[in-house]
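> Sequential numbering of the sequence shown, starting at 4, is according to this note's numbering. A virtual CB, placed ideally from N, CA and C, is assigned to each residue, including glycine. If you scroll down you'll find the structure; I have some questions about it.
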Amino acid sequence: MAKPKKHVFVCSQQRSPGHPRGSCAHKGGAEVLQTFWAELQKRNCYEQVAVTYSGCLGPCDLGINVVVYPDAVMYSAVTKDDVAEIFDQHLLGGTPVERLLTPEPVW
Ligand code: FES
4 MAKPKKHVFV CSQQRSPGHP RGSCAHKGGA EVLQTFWAEL QKRNCYEQVA
54 VTYSGCLGPC DLGINVVVYP DAVMYSAVTK DDVAEIFDQH LLGGTPVERL
104 LTPEPVW
């Protein structure tokens, strides 16, 4: 297995309905995760990028959250429509997508 240059973690945390923190799963995290996997497959870039689901990344109210390592770049309010841009500009192009960055001081 090749060591990927970028590893994407997509929050897929679930919580019961009515939980005060909500959850990225409730906001559609599974659809975002599936879109990341679909884009990965489409680009056949398994040696450069890995995509994994994760538990809570912290700022639930800003979700759906996604973090990219080794860059330690976090994106918030990600939708499936943002995924292709994240691939092209950041994961393969090397430049984070500014408009989706989790705001400071949160991250
Ligand atoms: S549930 Fe996704 S960041 Fe907490």
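Rounded to a whole number of angstroms, what is the C-alpha to C-alpha distance between A28 and V54?
For A28 and V54, the distance between alpha carbons rounds to 16 Å.
> Residues with a Cβ closer than 6 Å to any heavy atom of the ligand FES, in chain order?
Those satisfying the condition are, in chain order, C14, Q16, S26, C27, C59, L60, G61, P62, C63, G66 and N68.
> Please give me, in chain order, every unbroken run of the alpha helix (DSSP H) with length at least 4 that falls completely inside the region 28-95.
32-46, all fully within the region 28-95.
> By Cβ distance below 8 Å, which residues in the same chain neighbour V100 in space, the five residues on each side in sequence not counted?
Correct list, in chain order: Y78, D85, E88, I89, Q92 and H93.
> Provide the residue(s) that pair with H10 in DSSP beta bridges, ordered along the chain.
DSSP output for H10 lists A53 and Y72 as bridge partner(s).
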